[in-house]
Amino acid sequence: MTGTRIVVVGAGIVGCLVARELAARDPHAAIAVLDRDAIGSGASRRSAGLHLPRGATERLRAMTRYSQDYYDALRRERPTLPIHPTPVTVVSATADDRTVGETYLSGAEPVRADRTDLPAVGVPPDVRVWRVSGGHHTAVHELTCALARDPRSRVDFREGVAVTAVQPVGGGVLLRLSTGDTLTADRVVLAPGPWTADPALAPFVAPSGARVKKVVALHVEQCPADTDPAVVFQDDDAFLLPLPERGHWLYSFARTEWDVDPGTVARGLSPEDVDEARAGLRRWAPELLKYDVSGRVFCDAYSPAREPVVDVVDDGGRVVFAGAANGCGYRLAPAIAREAADLLLGVVA
Ligand SMILES: Cc1cc2nc3c(=O)[nH]c(=O)nc-3n(C[C@H](O)[C@H](O)[C@H](O)COP(=O)(O)OP(=O)(O)OC[C@H]3O[C@@H](n4cnc5c(N)ncnc54)[C@H](O)[C@@H]3O)c2cc1C
2 MTGTRIVVVG
12 AGIVGCLVAR
22 ELAARDPHAA
32 IAVLDRDAIG
42 SGASRRSAGL
52 HLPRGATERL
62 RAMTRYSQDY
72 YDALRRERPT
82 LPIHPTPVTV
92 VSATADDRTV
102 GETYLSGAEP
112 VRADRTDLPA
122 VGVPPDVRVW
132 RVSGGHHTAV
142 HELTCALARD
152 PRSRVDFREG
162 VAVTAVQPVG
172 GGVLLRLSTG
182 DTLTADRVVL
192 APGPWTADPA
202 LAPFVAPSGA
212 RVKKVVALHV
222 EQCPADTDPA
232 VVFQDDDAFL
242 LPLPERGHWL
252 YSFARTEWDV
262 DPGTVARGLS
272 PEDVDEARAG
282 LRRWAPELLK
292 YDVSGRVFCD
302 AYSPAREPVV
312 DVVDDGGRVV
322 FAGAANGCGY
332 RLAPAIAREA
342 ADLLLGVVA
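In the working numbering, the protein residues as written are 2 to 350.
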């Protein structure tokens, strides 16, 4: 290869989709993806993988629309990928038709529904119910590995290789690796997920103001029916996701523990995690309280503006940071990858 040398740091769903996008757009580029661990083993491995067709701002709705179309096209092209269309109901004790309509994409069509659209989990009677279309869920780790496999003959994936320093030098960027080797690239994309404080990457990523928050989801040991919908609890920023392929429900809820370390946070559910999850279930789905619970604990990077950050982060315009997707990095990854490639190839041109 004699084209532009591009290194992507991080092989989560974001880094892998960035590599796919660059490989598709620039057939002559020499692309390497480096990860200190295995492909898809960071936040992507713990993700609930729910795609909801909604966004709080104009940019988020545009990104969501693009990502939804991207995943829909992937599913049509490769029906064996683990992308499962999922019926979605929204419940709220306070929101009206207008509020719900404004949050969801045009085309997702929030329509008023009734309790027959809800699974038998004991949702309280004093709520309004809507049905929206366009939702799906996936096993993000599995999907990331499948999507990394396609360009593997074209992209140099190096697992178990940490980047220990990033140094813009002359016309390029020097990367020092945990193996003792060095790599020189023309352009670099940093897609480190919640490893924003990594000493090698922090000088570039920290100015974005991204902070790392604990993210927890409870597993409820009751097998949902194939037809059960996901239920979004609009008032609580929480949802219940049926995972019939795994044989349990997943309850995702907002945790407010900030500045956790991705290297140590995955030490199991704490009593506070379980108590907060149970409080949410008691309010929204009390029928599930009688089942055993377990779960998944990790973290994600959040930006001050609560929109993903895709930005040039060095003086020479050679290093791009793509991430801080605020707990929505799966569903926004295709749009993040597109913005990163626009920026990177625009800079190259
Ligand atoms: C419990 C949980 C539930 C979630 N549910 C949803 C959901 O339903 N829907 C949704 O859209 N999102 C969800 N998310 C968020 C989503 O999973 C993340 O936003 C997304 O996976 C981030 O992807 P990423 O590629 O940016 O990061 P990651 O998947 O974390 O990948 C980053 C990679 O960078 C590597 N790395 C870091 N530093 C270095 C270095 N110096 N050298 C080499 N490699 C390095 C890491 O090893 C890692 O593999 C959830 C997250 C969690 C934790």
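The beta-carbon is built from N, C-alpha and C at its ideal position, and this holds for glycine as well.
Secondary structure at L18, three-state DSSP: helix, strand or coil? Taking the sequence shown and counting its residues from 1, the one referred to as residue 18 is at position 17. L18: helix per DSSP, three-state reduction.
Taking V221 as the reference, which of R99, P88 and L282 has the closest Cα? Along the sequence shown, read from residue 1 onward, the residue named residue 221 stands at position 220. Minimum Cα distance to V221 is reached at L282.
Helix, strand or coil for D301 per DSSP? Taking the first residue of the sequence shown as position 1, residue 301 is located at position 300. Three-state DSSP puts D301 in a strand.
Consider the C-beta atom of D157 and the heavy atoms of ligand 1; say whether any pair is separated by less than 7 Å. The residue labelled residue 157 in the question sits at position 156 within the sequence shown. No, ligand 1 has no heavy atom inside 7 Å of this Cβ.
Nearest to A44 (by Cα), restricted to the options P335, F299, P309 and A94: As a first step, residue 44 must be located in the sequence shown, where it is residue number 43. When P335, F299, P309 and A94 are compared, the shortest CA-CA separation from A44 is found for F299.
Going by DSSP, what residue range makes up the alpha helix (DSSP H) through W259? Counted from its first residue, the sequence shown places residue 259 at position 258. Looking at the DSSP string, W259 is not in any alpha helix (DSSP H), and its letter there is neither H nor E.
Quick one: is the Cβ of R47 within less than 7 Å of any heavy atom of ligand 2? Within the structure as shown, ligand 2 is missing, the only ligands being ligand 1.
In the structure shown, what three-state DSSP assignment does Q235 receive? Taking the sequence shown and counting its residues from 1, one reaches residue 235 at position 234. Residue state, collapsed to three classes: coil.
Among R6, L53, V320 and E110, which residue has its Cα nearest to the Cα of A166? Working through the sequence shown from its first residue, we reach residue 166 at position 165. Per the Cα distances, V320.
Report yes or no: do the segment 108-127 and the segment 24-33 share at least 3 C-beta pairs separated by less than 8 Å? no
For E364 and Y292, I'd like the C-alpha separation in whole angstroms. Outside the shown range of the chain (2 to 350) lies residue 364, about which nothing can therefore be said.
When you compare only the Cα positions, how much space is there between L219 and W131? Position 218 of the sequence shown, counting from 1, holds the residue named residue 219. Position 130 of the sequence shown, counting from 1, holds the residue named residue 131. Their Cα atoms are separated by approximately 24 Å.
D276: first and last residue of the uninterrupted alpha helix (DSSP H) it sits in: Position 275 of the sequence shown, counted from the first residue, corresponds to residue 276. Where D276 is concerned, the enclosing alpha helix (DSSP H) stretches over P272 to W285.
What residue range does the alpha helix (DSSP H) around Y292 cover? Here residue 292 corresponds to residue number 291 of the sequence shown, with the count starting at 1. Where Y292 is concerned, there is no enclosing alpha helix (DSSP H), given that its DSSP letter is neither H nor E.
Any heavy atom of ligand 1 within a distance shorter than 7 Å of the CB on I14? For the purposes of this step, residue 14 is taken as the residue at position 13 of the sequence shown. Flag set: Cβ of I14 near ligand 1.
Validate contact between the segment 170-187 and the segment 50-64 using beta carbons, cut 8 Å, 3 pairs: As far as the Cβ criterion goes, the segment 170-187 does not touch the segment 50-64, which means the pair count is below three.
Spatial distance of D316 from W259 (CA atoms): Within the sequence shown, residue 316 is the residue found at index 315, counting from 1. Within the sequence shown, residue 259 is the residue found at index 258, counting from 1. Their backbone Cα atoms lie some 30 Å apart in a straight line.
Distance cut-off 7 Å: T232 Cβ against heavy atoms of ligand 1: As a first step, residue 232 is located in the sequence shown; it is residue number 231 there, counting from the start. Looking at the sequence itself, residue 232 is Val, so the reference to Thr does not match. No, Cβ of V232 sits at least 7 Å from all heavy atoms of ligand 1.
Any contact of the segment 155-166 with the segment 190-203, i.e. 3+ C-beta pairs under 8 Å? yes
Can you check which of these residues, G136, V216 and L242, is closest to R76 by C-alpha distance? Taking the first residue of the sequence shown as position 1, residue 76 is located at position 75. For R76, the nearest C-alpha among the options comes from G136.
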